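First residue of the sequence shown: 1, per the UniProt record's numbering; consecutive thereafter. C-beta atoms are modelled at their ideal positions from N, C-alpha and C, and glycine is treated no differently. Keep in mind the model is a prediction, meaning the values are calculated, not measured. Written out below as structure tokens is the structure these notes cover.
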Amino acid sequence: MSVSKGEKRISTFRVLPWVEVACVIALTGLAAASIPVRAQGAMHARTNVSTARPIVMLSDIHFDPFHDPGKFKQLQAAPVSRWVSILNAPPTSGQAKQFAEMQSACNASGVDTDWALLQSSLAAARERQPSPLFVTLSGDLTVHQFSCRFHRMDPNGSDAASIDFAVKTASFVALELKHTFPQSPVYIALGNNDSSCGDYRESPGSQYFHGMAHAVAAEAGSAAHGEILREFPYQGDYDIPLPGPMQHTRLIVLQDIFQSSNYSACNGKPDPSAARQQIQWLAGRLALARAHGEHVWVMSHIPPGVFVYQTIKAHRNVCGGQAPEMFYSSEGLTDTLQKYAGTVRLVIMGHTHDDELRLLKPAGAVLAGSGSHEVPVKLVPSITPLHGNYPAFITGKVNPQTATLMDYTVFIASNKTGIGTQWKTEYTWSKAYDLPDFSAESVAKLVTRLQDDKHGSSAASRDYEQWFAAGEGKTMGTLLRLFWPSYVCSLGHMHASGYRQCLCGGTRTLESSTGH
């Protein structure tokens, strides 16, 4: 599986906005809509706890190298190997005032991860699991409004200089992850803020991809190094074997910015061919894995399906026939992943900053809770507290024989600064929901249970609401319950037609093949 895709491919949630959404609900009527009332045989053989191997999962770090503007010139001039000494130096004179001015100039909605919070987060992850089999980071290494911040600090800086500093910033985050877990491979996906030319903007073969290929390959370890250097520079994707004792299991990583409804190329124009090429490449890799009897984990950044927050904010009357807002521009990626259910054992994503899940099902299938022909998706909560949540990360346990995520625990910070921060357990999946694993079958059972609760008032629903935004259960639990029908239908319905049927009436059937 070493053919380069460059050769072959040519043939945000925030606590305060949810208050706004709660007001909009009364106008749209979405919250009042009622919710109508894999088996995999030996693949689901239960594993003794002693044989499960630990992993660490992080997402949406959004590290801000501009937090102390007075250090920018030093960071820009220095190699990333010297950044720690620069960042560890005392704050420069006027730091707070200069940072506040930058936040205002760039219309920032909150504060992303600074050096103190990054240190605290990685130290806590190492303390909870010092020797993971591997570490995943599902996108968005760099601060929001990166380009604005760079050009404020360097008004005459070229686009090439901005890209170079963006590569250095993301490479520094990758390097710190590797320093935290020196004996473990670190696998990195890029997000919509990790790009050459701005949020949701990128072009295949970009300077950013070529620059990041070396950092991503270095942190993944020698076994994956060559394959990543061959694959990554085209669209930020790669396909590698997971380390032993994982048996016959691959990891496919996608930069799914090309699938986003907001995507445009660096010239500002739509480029649907980039998404098609990526899906074609993915389908080929999954077909090869299935032919060889391999399991696959897939990691990307942006989740599929309905963007509930934006749908409500835009006053979309879904039950009146208007289309909901979607995360992706088409169902191509979603349908490709689902087609290879059974082979694809888990999909890891992020982007929303919240602790969520999804279940990919075939078009027209019945939400029966059996887990057949379905793919479980885990959205990892963010390190950045930008959207009002507290920083959080996950440690998990994986069955090396079946590539099943057997369990996971979410850890959250006591504050949002990384200064004097204590980290504690928020919940453990198996104990919270009384399920044996995070398999397709188990996730299907929970999605069925949540969807059948029309008012978000059952014990399982209240737990989900409480943990949705890490550490903000009292606020978000109440708000999420207000639009529970609109939200819960998005967990198992990735196509617009199926989402509408779930929300507005009918049986528990999923999306028709017409889609969005």
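From what residue to what residue does the alpha helix (DSSP H) around residue i run?
i, result
"Lys431", "429-433"
"Pro233", "222-235"
"His179", "159-180"
"Ala459", "459-467"
"Tyr328", "Careful: Tyr328 lies outside any alpha helix (DSSP H) and carries neither H nor E."
"Tyr487", "484-492"
"Ala77", "72-77"
"Leu87", "83-88"
"residue 522", "Here the chain has residues from 1 to 516 only, and residue 522 is not among them."
Nearer than 6 Å: is that true of the beta carbon of residue i relative to any heavy atom of the ligand NAD?
i, result
"Ser497", "Among the ligands in the structure shown, none appear at all, so the ligand NAD cannot be discussed."
By DSSP, does residue i sit in helix, in strand, or in coil?
i, result
"Glu426", "strand"
"His295", "strand"
"Val19", "Since pLDDT at Val19 reaches only 48, below the 50 mark, its modelled position is unreliable, and no value is offered."
"Gly396", "strand"
"Cys502", "helix"
"Phe411", "strand"
"Leu446", "helix"
"Arg276", "helix"
"Arg126", "helix"
"Phe307", "coil"
"Asp271", "coil"
"Thr475", "helix"
"Asp256", "helix"
"Ser497", "helix"
"Tyr208", "helix"
"Ser264", "strand"
"Thr113", "strand"
"Asp239", "strand"
"Arg201", "strand"
Residue i and residue j: beta carbons closer than 7 Å?
i, j, result
"Ile240", "Leu251", "yes"
"Val443", "Leu359", "yes"
"Val135", "Val80", "no"
"Pro391", "Ser121", "yes"
"Val318", "Arg500", "yes"
"Val344", "Val296", "yes"
"Ala105", "Arg152", "yes"
"Gln247", "Gln401", "yes"
"Ile348", "Ser138", "yes"
"Pro385", "Lys416", "yes"
"Glu219", "Ala174", "yes"
"Leu87", "Trp115", "yes"
"Asn389", "Ala469", "yes"
"Val167", "Met212", "yes"
"Ile257", "Asn192", "yes"
"Leu337", "Val375", "yes"
"Gln235", "Leu190", "no"
"Met326", "Val253", "no"
"Gln183", "Ser196", "no"
"Ser486", "Val216", "no"
"Phe393", "Ala125", "yes"
"His373", "Ala341", "yes"
"Ile188", "Thr113", "no"
"Trp484", "Tyr427", "no"
"Pro324", "Ala274", "no"
Tell me where the beta strand (DSSP E) around residue i begins and ends.
i, result
"Met246", "Met246 -> no beta strand (DSSP E), and no H or E assigned at all."
"residue 518", "Only positions 1 to 516 of the chain appear in the structure, and residue 518 is not among them; the question remains open."
"Ile188", "186-189"
**Report entry** Cβ contact (3+ pairs, closer than 8 Å) linking the stretch 73-84 and the stretch 384-402
**Finding:** no
**Report entry** Stretch-stretch touch, CB-based, cutoff 8 Å, three pairs: the stretch 446-454 with the stretch 408-426
**Finding:** no
Requested in this report: Spell out a yes or no on whether the stretch 187-206 and the stretch 252-261 are touching, meaning 3 or more CB-CB pairs, one atom from each, closer than 8 Å.
Outcome: At 8 Å Cβ cutoff, the stretches touch.
Query raised in the report: Is the number of C-beta pairs between the stretch 347-354 and the stretch 430-437 that are closer than 8 Å three or more?
Result: no
Query raised in the report: Which full runs of the beta strand (DSSP E) of 3+ residues lie inside the stretch 133-162, going along the chain?
Result: 135-138
Query raised in the report: Can you find at least 3 beta carbon pairs, one from the stretch 154-170 and one from the stretch 112-130, that sit closer than 8 Å?
Result: no
Query raised in the report: Can we say the stretch 282-294 touches the stretch 374-385, given the rule of at least three CB pairs closer than 8 Å?
Result: no
Query raised in the report: Unbroken alpha helix (DSSP H) runs of length 4 or more, entirely within the stretch 330-397: which are they?
Result: 332-339
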